[in-house]
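Data block below; observations after.
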Amino acid sequence: MRGVLTKAMAFRIWVISGLAAGGVSLAYLAGLLPLLAAEGVLVLAFPAFALFLFLWWSAPEGTEDIPFMGY
Numbered sequence: 007m008r009g010v011l012t013k014a015m016a017f018r019i020w021v022i023s024g025l026a027a028g029g030v031s032l033a034y035l036a037g038l039l040p041l042l043a044a045e046g047v048l049v050l051a052f053p054a055f056a057l058f059l060f061l062w063w064s065a066p067e068g069t070e071d072i073p074f075m076g077y
């Protein structure tokens with residue numbers, strides 16, 4: 007099923023981006039990652055986290071595709 011964004015896929019991407027942001031934050035606080043690298047990952051992970059949280063939240067149950075939002 008290529009090109010179809012399901013509610014389960016949006017949930018997986020939401021969780022992965024949240025874990026990436028949390029892991030990078032902890033790695034920076036532990037001194038394992040320089041500030042510039044941590045900022046770079048957070049700049050990419052946070053918008054994905056917010057967008058896929060919205061897509062997961064607004065997706066209806068039982069349908070195979072999330073409709074186009076018009077953003």
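In the numbering used here, each residue carries its 1-based index in the sequence shown increased by 6. Glycine residues also receive a C-beta, built at the ideal position from the N, C-alpha and C atoms.
Three-state class that DSSP yields for residue 53 in the structure shown: DSSP, reduced to helix, strand and coil, places residue 53 within a helical segment of the structure shown.
For residue 63 and residue 50, what's the separation of their Cα atoms in angstroms? Here the C-alpha atom of residue 63 lies approximately 20 Å from the C-alpha atom of residue 50.
For the candidate residues 40, 60, 55 and 65, whose alpha-carbon lies nearest to that of residue 21? Ranking the options by Cα distance to residue 21, first place goes to 55.
At what residues does the alpha helix (DSSP H) containing residue 25 begin and finish? For residue 25, the enclosing alpha helix (DSSP H) covers residues 13–35.
Whole angstroms are fine: how far does the CA of residue 16 sit from the CA of residue 61? Cα to Cα, the separation comes out at about 6 Å.
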